[in-house]
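First residue of the sequence shown? That's 164 in this note's numbering, and the numbers climb one at a time after it.
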Amino acid sequence: MREGPATLIRREDYVAPAYWIKTVDLTFDLDPAKTIVASRMQVERNSAVAPQPLKLHGEELNLLRVLANGESVSFRHEDGCLVIDSLPEGTFTLEIRNTCAPEKNTQLSGLYTSCGNFFTQCEAEGFRRITYFLDRPDVMAVYTVTLKADKKKYPVLLSNGNLVDQGDLDNGRHFAKWHDPFPKPSYLFALVGADLVARQQKIRTRAGKEHLLEVYVRRGDLDKTEHAMNSLIASVVWDEARFKLPLDLERFMIVAVGDFNMGAMENKGLNIFNTKYVLANPATATDADYSGIESVVGHEYFHNWTGNRITCRDWFQLSLKEGLTVFRDQEFSMDMAGSASARAVKRIEDVRGLRQMQFPEDAGPMAHPVRPDSYVEINNFYTATVYEKGAEVVRMMQTLVGRAGFERGMTLYFERHDGQAVTCDDFAQAVADANPGSALAEKLDAFKRWYAQAGTPRLVARGRYDAPSRTYTLGLEQQSDPSPGQPVKQPFVIPVAMGLVGHDGRAIALQLEGEAAPVGNERVLVLDEKHAYYTFVNVDAEPVPSLLRGFSAPVNLVDGLGDAELLVLLKHDADPFNRWEAGQRLALNRLLAAVRTDSTPDADPAFIDAMRGALRHPTLDPAFKELVLTLPSETYIAEQLEEVDPQRIHAARESMKLQLAQALRDDWVWAWDEHQTIGGYSPDPVSSGRRALANLALAMLCLDAQARGDSVWPGKAYQRFKDAGNMTDRMGALSALLDAGHELTQPALERFHAIFKGEDLVIDKWFALQARTPEPVGRQGAGRSLQRVKALMQHPDFSMKNPNRARSLIFSFTMYNPAGFHRADAAGYVFWADRVLELDAINPQVASRLARVMDRWKKLAEPYRSAAREAISRVAAKPDLSNDVREIVSRALED
Ligand code: TRP
Ligand code: ZN
164 MREGPATLIR REDYVAPAYW IKTVDLTFDL DPAKTIVASR MQVERNSAVA
214 PQPLKLHGEE LNLLRVLANG ESVSFRHEDG CLVIDSLPEG TFTLEIRNTC
264 APEKNTQLSG LYTSCGNFFT QCEAEGFRRI TYFLDRPDVM AVYTVTLKAD
314 KKKYPVLLSN GNLVDQGDLD NGRHFAKWHD PFPKPSYLFA LVGADLVARQ
364 QKIRTRAGKE HLLEVYVRRG DLDKTEHAMN SLIASVVWDE ARFKLPLDLE
414 RFMIVAVGDF NMGAMENKGL NIFNTKYVLA NPATATDADY SGIESVVGHE
464 YFHNWTGNRI TCRDWFQLSL KEGLTVFRDQ EFSMDMAGSA SARAVKRIED
514 VRGLRQMQFP EDAGPMAHPV RPDSYVEINN FYTATVYEKG AEVVRMMQTL
564 VGRAGFERGM TLYFERHDGQ AVTCDDFAQA VADANPGSAL AEKLDAFKRW
614 YAQAGTPRLV ARGRYDAPSR TYTLGLEQQS DPSPGQPVKQ PFVIPVAMGL
664 VGHDGRAIAL QLEGEAAPVG NERVLVLDEK HAYYTFVNVD AEPVPSLLRG
714 FSAPVNLVDG LGDAELLVLL KHDADPFNRW EAGQRLALNR LLAAVRTDST
764 PDADPAFIDA MRGALRHPTL DPAFKELVLT LPSETYIAEQ LEEVDPQRIH
814 AARESMKLQL AQALRDDWVW AWDEHQTIGG YSPDPVSSGR RALANLALAM
864 LCLDAQARGD SVWPGKAYQR FKDAGNMTDR MGALSALLDA GHELTQPALE
914 RFHAIFKGED LVIDKWFALQ ARTPEPVGRQ GAGRSLQRVK ALMQHPDFSM
964 KNPNRARSLI FSFTMYNPAG FHRADAAGYV FWADRVLELD AINPQVASRL
1014 ARVMDRWKKL AEPYRSAARE AISRVAAKPD LSNDVREIVS RALED
């Protein structure tokens, strides 16, 4: 059987397991075609549950034998499980021997091979593809693992915990024995059998203990491991300093693999990483790659406490570990960034991601609460909602109890639950109990609606200034639309960080009616009802409200501010997030007006002056300026509209971009000249901010030049492309040429490929860049990007089997090139359906991610909408679809 039958799993049906597995001894005879797995388990009945047969999960396994206390027992197969009816009394030993076929495992779940080496991926339910087991997170066992393999081919044999024995066997084979002292669920098991080399580093932690850190990569990649190692050391130091959480193992390993479904995996003591989040040197990786590595290395390391030491009772609680760990990695990156401005840049990037991915998810057919109520395929619920919105929920808790209060909450959480498998309630309760009297403790039940109710609330704000009484009254109202299965919603508890800004830019002291004196210039209002009024006194003149500072809650703010007020905020707001937001809204309002009326957007003088003011500002950081000067994405613009015509949105945004390029030509020249980085490459926030702004300037200058038929700037871009000392600048120059549609693009692309042939991660960039670039608006051959993508599929370097490569071409095109993808002739959707079906036969997890590209099809204007429905229906009609893809397409087609 390929996989279990499609059944809906419900959160309310949770029951504790009927058996516990206390210890497991695994022996692997590693062979790509047929690996033999011998498992010896100490099994105990769970006395809290009525006696029943033992049902072990197993998938695509070949069973050789089953022994209980050394005697053979009878068994049967039922619902994808191995069922044993009669077993010895009390605790017993269960021995199972089976085989699996790693080289045939194209799903990359369970034990598989990549370039001939062995790796595992067990989250969420991959362990059952290795051997029969109670493959659920609340069954925690102590693992001892012996690996046997050919010594020449697989010199490195790794598993979780500590190495306790190793040696040679006959026939050129060798073995290694690992013991992990911490009981863990099966999803945290890992093994590696490979020909790899390691960068090693010994560190001493605060307690004076020595630990060995290792980063394993293929021979030849060692020069790309320094940044990952530095990020790991920084993670260890940070978790000890901020949360008093030390490294608890003698040895901590990271292993990079080129074939991987996701970013990385937090297996106890043996993290397995997509190469994309390990390998970097200045010549091959961009600034964005460097920061991605820092946050993913941090994320997986932080899971050691939030996920591994305390794990999830069941998969509905996934956000317990993921939301919390994303929050922790975001805080880590912010603390690493240092300056207030660099922290704000990170926050803006995170919110941009949330709005781009999670808000659409929460408004579409896959909308689900942070703690879902049901699923068919758990792999489909590793979502932006569980991860990113989950992190926002944790962030709101921190906002409600303060940073020190949150740290107390974490401490109490570990005091209570270390070593356990628990629920999201347990976490929220610990944070509340550690902060008695806080808004969180007082309103905990209502606050937890963030875990239960899907959808992005709207926060409608109206302010009224009364001159005679010198009062300013702010009315806040929350509104929630229905979500699948949730027609009506209870009010959320929404922390609204806010300030009032005078038209002259002054921050106004905030004194609410009834308060004896002002309480600073910024405060957090906690809206816990449908609506509420807040009256501020002693306000001398009409202020501009600056609401939801730092994006204090995952809501859509509707505050009715006009241009004049947004211009005040863009110039003066003390909160950098809202300052950026004001600039985005000035642009957005103009873009939306143009799209709605199918006209050209108007980059009027007030807007242009404001943008110039930001660009030329004497004290703002370049990284921040780059964010302000970048227009809202096409996806974000689409989300603001009732009906979406992707071509119109694209045309409007391109036109606005060109106007910015032309009107600010001299300023862009200044920005380019002033933000060159000299000296050796460093990925720090200051130099990467300078590169970001210089590269934006170059792109704008090329766009403007192209429109004028001038080739000076494209020539400079080509020169920069050739001479660049780092990948950020090389890619910046190449994409400037590509975006402008300049004829130097083709030779540049060819040169790029020739230089980086064989560097897989760089070749991914080469595919991605071409796939996400539409033909320039108004030029001959618009819509040709699909042809280019089809041609690239024939390139000898292309493969559908490698997830990074498939993502670089197919996902980049369908997700990040809306103008190329949404075609009136439906060819984009036909292509999408074909690729989903093709991928589903290889790797359902990756296929179902691609399937989700069409989530928002119902918002499309005709003729796109009908064509989209037809393409989705064609996928849904395929008889032997995976559960993964079937769940996505059937939800998309509902009602
Ligand atoms: N737990 C991993 C994380 O850090 C996610 C993950 C890695 C994953 N590989 C996976 C989830 C495969 C599902 C399937 O977020
Ligand atoms: Zn995670």
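In this text, a Cβ means the ideal position worked out from N, Cα and C, and glycines have one as well.
Taking all protein chains shown into account, do 16 or more other C-beta atoms lie within 10 angstroms of the C-beta of I973, making it buried, or fewer, making it exposed? buried
Buried or exposed: where does F349 fall if 16 or more other Cβ atoms within 10 Å of its Cβ makes it buried? Checking the displayed sequence, the identity of residue 349 turns out to be Ser instead of Phe. Buried: at least 16 other Cβ atoms inside 10 Å.
My guess is that R768 and S818 are in contact by the Cβ rule of under 8 Å, so how many angstroms apart are they, rounded? Arg is not the amino acid found at residue 768; the sequence shown has Pro there. Their Cβ separation, rounded to whole angstroms, is 17 Å, which puts P768 and S818 out of contact at 8 Å.
Whole-angstrom distance between S971 and L1044, CA atom to CA atom: 24 Å
Any idea what DSSP makes of G723, helix, strand or coil? When secondary structure is reduced to three states using DSSP, G723 falls in the coil class, being assigned neither helix nor strand.
On the premise that A427 lies in contact with V415, defined as a C-beta separation below 8 Å, what is that separation, rounded to the nearest angstrom? Here the sequence assigns Phe to residue 415, which means Val is not the residue at that position. That pair is no contact at about 13 Å.
For H1074, count neighbouring C-beta atoms within 10 Å of its own C-beta (all shown protein chains included) and say buried if the count is 16 or more, exposed if not. As shown, the chain starts at 164 and ends at 1058. That puts residue 1074 outside it, with no answer to give.
For H240, count neighbouring C-beta atoms within 10 Å of its own C-beta (all shown protein chains included) and say buried if the count is 16 or more, exposed if not. Classified as exposed, H240 has fewer than 16 neighbouring CB atoms from the shown chains inside 10 Å of its CB.
Check each candidate in L897, E906, F884, G843 and name the one with the smallest Cα separation from G872. E906
Can you determine whether any heavy atom of the ligand ZN sits closer than 7 Å to the C-beta of E555, and answer yes or no? no
Considering only their Cβ atoms, is the gap separating D358 from V319 smaller than 8 Å? yes
Determine the direct distance from the alpha carbon of C263 to that of Y182, and round the result to whole angstroms. So the two alpha carbons sit approximately 25 Å from each other.
Can you name the residues that DSSP bridges to S971? Answer by DSSP bridge pairing: none, since S971 is not bridged.
Taking contact to mean 3 or more Cβ pairs, one atom from each stretch, closer than 8 Å, check whether the region 1026-1043 and the region 513-523 are in contact. no
Using 10 angstroms around the beta-carbon of N225, count the other beta-carbons present and answer buried if the total reaches 16, otherwise exposed. N225 is classed as exposed because its beta carbon has fewer than 16 other beta carbons within 10 Å across all chains shown.
Beta-carbon gap between P251 and M303 smaller than 8 Å: no
Pair within 8 Å by beta-carbon distance, P708 and G626: yes
Quick check on P348: does DSSP put it in helix, strand or coil? Coil at P348, not helix or strand.
Alpha carbon to alpha carbon, how far is V418 from Q284? Give it in angstroms, no decimals. 12 Å
Looking at the structure shown, is L749 part of a helix, part of a strand, or coil, going by DSSP? helix
Give a single yes or no on whether M428 has its beta carbon closer than 7 Å to a heavy atom of the ligand TRP. yes
Below 8 Å, can you find three or more Cβ-Cβ pairs linking the region 904-921 to the region 770-784? no
Does the distance from the C-beta atom of D477 to that of P647 stay below 8 Å? no
From the DSSP secondary-structure annotation, give me the bridge partner or partners of N467. For N467, which the question treats as bridged, DSSP gives no partner whatsoever.
Whole beta strand (DSSP E) runs in the region 248-321 with 3 or more residues, listed along the chain? 255-263, 273-277, 280-284, 304-313
Under 7 Å from any heavy atom of the ligand TRP, does the C-beta of A370 make it? Answer for A370: no, Cβ out of range of the ligand TRP.
If you drop the 5 nearest sequence neighbours on each side, which residues of the same chain put their C-beta closer than 8 Å to that of L711? L622, V659, A660, M661, V718, L720, N741
7 Å Cβ shell around K693 - same chain, five flanking residues per side excluded: E640, Q641, P654
For T150, verify whether its CB is less than 7 Å away from any heavy atom of the ligand ZN. The displayed coordinates of the chain run from 164 to 1058. Any statement about residue 150 would go beyond what the structure contains.
Say whether the region 504-515 touches the region 526-534, bearing in mind that this needs 3 or more beta-carbon pairs closer than 8 Å, one atom from each stretch. no
Which two residues bound the contiguous beta strand (DSSP E) that contains S948? Looking at the DSSP string, S948 is not in any beta strand (DSSP E); the run it does join, the alpha helix (DSSP H), is 948-956.
Using the beta-carbon count (16 or more within 10 Å), is R165 buried or exposed? Low confidence applies here, because R165 scores a pLDDT of 49, under 50, leaving its location unreliable; read the following figure in that light. Its Cβ having fewer than 16 others within 10 Å, R165 is exposed.
Beta carbon of E485: closer than 7 Å to some heavy atom of the ligand TRP? yes
Within the present structure, is the beta-carbon of H580 separated from the nearest heavy atom of the ligand ZN by less than 7 Å? no
Taking 8 Å as the cut-off, does the region 917-928 touch the region 444-451 (at least 3 CB pairs, one atom from each stretch)? yes
Skipping 5 residues on each side, what residues in its chain have a beta carbon closer than 6 Å to that of V246? P216, K218, R239
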